[in-house]
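Asks: Quick one: structure below, then a few questions.
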Amino acid sequence: MSGNTHGTLFRVTTFGESHGVGLGVTIDGCPAGLELDLEAIQREMARRRPGQSRIVTQRKEEDGVQLLSGTFEGKTTGTPIGMVIYNQDQRSKDYSHIYDKFRPSHADYTFAAKYGHRDYRGGGRSSARETAARVAAGAVARQLLARYGITISSYVDQVGDITTGKTHGELDLSLIDSNDVRCPDPEAAARMEEEILAVRKAGDTIGGVVKCVISGVPAGWGEPVFDKLHADLGKAILSINACKGFEYGSGFSGVTLRGSAHNDAFYTDADGKVRTRTNRSGGIQGGISNGEDIYFRAAFKPVATIISDQESVNEAGESVTVVGKGRHDPCVLPRAVPIVDAMAALVLADHCLRARNNKL
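When the letters of the sequence shown are read in order and numbered with my numbering, they come out as residues 1 to 360.
Right, dumping it as structure tokens:
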């Protein structure tokens with residue numbers, strides 16, 4: 001299987017399955033001398049872990065990270081950083097009823113078509129549990145970016161048709177973790193939680209939108225052709241399970257404007273820094289950061305597993321009924337927030353190192 005490695009200079013490779021012994025990640029290219037805060041890594045893992053509230057899956061995993069290599073006396077050594085997260089509460093028997101059946105909108109059929117042999121226990125490698133390794137790596141990347149004053153703040157902006165109706169500038173992003181939904185608008189968060197609980201009670205699922213705001217990125221990061229900064233962000237975010245859409249800056253809404261209204265006018269501020277009066281570009285122009293906040297939105301579909309009978313076929317092509325069992329999220333959004341943070345951090349850490357080679 002290829003496609004398990006992300007990045008050019010800050011390279012991350014993940015391994016492991018949902019119901020295997022555990023999951024892990026190797027980070028190659030992290031510079032030496034970074035003071036690594038293991039508690040900060042664990043805090044990010046706690047934000048993603050299952051069983052953390054009544055609106056997420058009740059699988060009980062502590063997601064404790066064991067650091068295997070790459071540090072000495074609290075600092076990175078420049079050698080590969082290895083981390084592992086052991087599974088503790090996998091219940092493979094929950095999936096015995098679909099060992100030869102293809103769950104609608106899951107990767108069961110496509111995995112079988114590609115490999116001819118698949119791990120049906122929770123989706124194996126295609127399970128969202130794989131993202132635990134990404135969050136561990138992303139937590140390291142965030143610590144590297146913090147040295148440059150860069151912050152990443154993702155939050156739930158929409159669940160179903162319930163939205164904050166506000167720009168990120170109108171919200172207090174320090175409130176992101178003040179509720180189980182991870183929405184910094186308390187009133188909207190309450191309505192979102194109520195909706196998620198109603199959906200769960202009905203045996204169904206619901207999707208929504210995560211918004212990410214990145215501050216402090218200097219002008220000049222990103223490449224002008226294939227490795228545009230927004231293109232790399234888009235690929236990283238779309239690689240997250242259940243993500244169905246990505247837009248940055250004005251996104252799809254920008255098509256309703258004329259160029260005269262959409263363009264971001266430049267000016268020089270009191271400190272002599274080139275700025276833009278508006279930010280419909282989303283902090284990126286020509287694939288390269290311009291120094292303004294980078295922001296994007298990611299759409300996540302409703303979880304494919306529902307507690308209702310669904311029509312499908314088995315490996316022999318025969319019509320069957322798939323019955324929803326096991327422990328699943330009624331809405332992925334609250335736990336997707338730290339994953340979006342992590343993938344954004346991995347992209348930016350990579351481009352941070354690449355930018356050091358831009359000019360003498």
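Glycine is no exception: its CB is placed at the ideal position from the N, C-alpha and C atoms.
Ala141 and Gly78: beta carbons closer than 8 angstroms?
Replies: No; because the gap between Cβ atoms is not below 8 angstroms, this pair is not in contact.
Asks: Using C-beta distances below 7 angstroms, list every residue in its chain close to Ala355, excluding the 5 sequence neighbours before and after it, in chain order.
Replies: Excluding residues within five positions, the ones whose Cβ falls inside 7 angstroms are Gly220 and Trp221.
Asks: From Asp329 to Glu73, what distance separates their C-alpha atoms?
Replies: The alpha-carbon atoms of Asp329 and Glu73 are separated by roughly 39 angstroms.
Asks: Check Glu17 in the structure and name its three-state DSSP category.
Replies: In this structure, Glu17 counts as coil in the three-state DSSP scheme.
Asks: What's the gap between the Cα of Ile162 and the Cα of Glu187?
Replies: Using only the alpha carbons, I get a separation of about 11 angstroms.
Asks: Compute the distance between the beta-carbons of Tyr248 and His262, then report whether it is under 8 angstroms.
Replies: No, they are not a contact pair.
Asks: For the alpha helix (DSSP H) that Lys114 lies in, which residues bound it at each end?
Replies: Asp108 to Tyr115 is the extent of the alpha helix (DSSP H) around Lys114.
Asks: Relative to the alpha-carbon of Ile196, which residue among Asn4, Val332, Cys352 and Thr256 has its alpha-carbon at the smallest distance?
Replies: Selected option, being the one with the closest Cα: Val332.
Asks: For Thr26, count neighbouring Cβ atoms within 10 angstroms of its own Cβ and tell me buried if that reaches 16, exposed if not.
Replies: Thr26 is buried by the Cβ-count criterion.
Asks: Just the Cα atoms here: how many angstroms apart are Gly123 and Gly251?
Replies: Rounded to the nearest angstrom, the two C-alpha atoms are 32 angstroms apart.
Asks: Pull the bridge partners of Met83 from the DSSP assignment, please.
Replies: Val25 and Leu67, per the DSSP bridge assignment.
Asks: If you drop the 5 nearest sequence neighbours on each side, which residues of the same chain put their C-beta closer than 7 angstroms to that of Asp172?
Replies: Within the same chain, Asp172 has close Cβ partners Pro184.
Asks: How about Ile85 and Gly64: do their beta carbons lie closer than 8 angstroms?
Replies: Yes; because the gap between Cβ atoms is below 8 angstroms, this pair is in contact.
Asks: Starting from the Cα of Ile41, find the closest Cα among His168, Ala133 and Ile288 and give me that residue.
Replies: When only C-alpha atoms are compared, the closest one is Ala133.
Asks: Expressed to the nearest angstrom, what Euclidean distance is found between the alpha-carbon atoms of Gly254 and Arg48?
Replies: Cα to Cα, the separation comes out at about 32 angstroms.
Asks: Do Cys243 and Ile152 have their beta-carbon atoms positioned less than 8 angstroms apart in this structure?
Replies: Not a contact, by the Cβ cut-off of 8 angstroms.
Asks: Candidates Thr268, Asp264, Asp269 and Thr131: which alpha carbon is nearest Gly283's?
Replies: The residue with the shortest Cα to Cα distance from Gly283 is Asp264.
Asks: Exposed or buried, what is Lys201 when buried is set at 16 or more other beta-carbons lying within 10 Å of its beta-carbon?
Replies: The residue is exposed, with fewer than 16 neighbouring Cβ atoms inside 10 Å.
Asks: What does the alpha-carbon distance come out to for the pair Ser380 and Ser239?
Replies: Not covered by the structure: residue 380. The range shown for the chain is 1 to 360.
Asks: Thinking C-alpha only, which one of Cys30, Glu62, Lys114 and Leu9 is nearest Leu23?
Replies: The option with the nearest alpha carbon to Leu23 is Glu62.
Asks: Is the distance from the Cβ of Ala112 to the Cβ of Glu315 below 8 angstroms?
Replies: Their beta carbons are under 8 angstroms apart, which means Ala112 touches Glu315 by this criterion.
Asks: Within a Cβ cutoff of 7 angstroms, which residues of the same chain sit near Tyr267, ignoring the five residues on either side of it in sequence?
Replies: Once the five neighbours on either side are set aside, the close Cβ partners of Tyr267 are Arg275 and Arg277.
Asks: Does Phe296 pass the burial test, meaning 16 or more other C-beta atoms within 10 Å, or should it be called exposed?
Replies: That one is buried.
Asks: Since Ile206 and Ala344 are thought to touch, with beta carbons under 8 angstroms apart, how far apart are those beta carbons, to the nearest angstrom?
Replies: The Cβ separation is near 24 angstroms, so there is no contact.
Asks: Tell me whether Asn357 is buried or exposed, calling it buried when 16 or more other Cβ atoms sit within 10 Å of its Cβ.
Replies: The residue is exposed, with fewer than 16 neighbouring Cβ atoms inside 10 Å.
Asks: Going by C-alpha distance, which of Gln158, Ala336, Ser174 and Ala137 is nearest Asn191?
Replies: The sequence given here has Arg at residue 191, not Asn. If we check each option's Cα against that of Arg191, Gln158 comes out closest.
Asks: Once DSSP output is grouped into helix, strand and coil, what is the label at Thr5?
Replies: Residue state, collapsed to three classes: strand.
Asks: Along the chain, where does the beta strand (DSSP E) containing Ser319 start, and where does it finish?
Replies: Ser319 -> beta strand (DSSP E) spans Ser319 to Val322.
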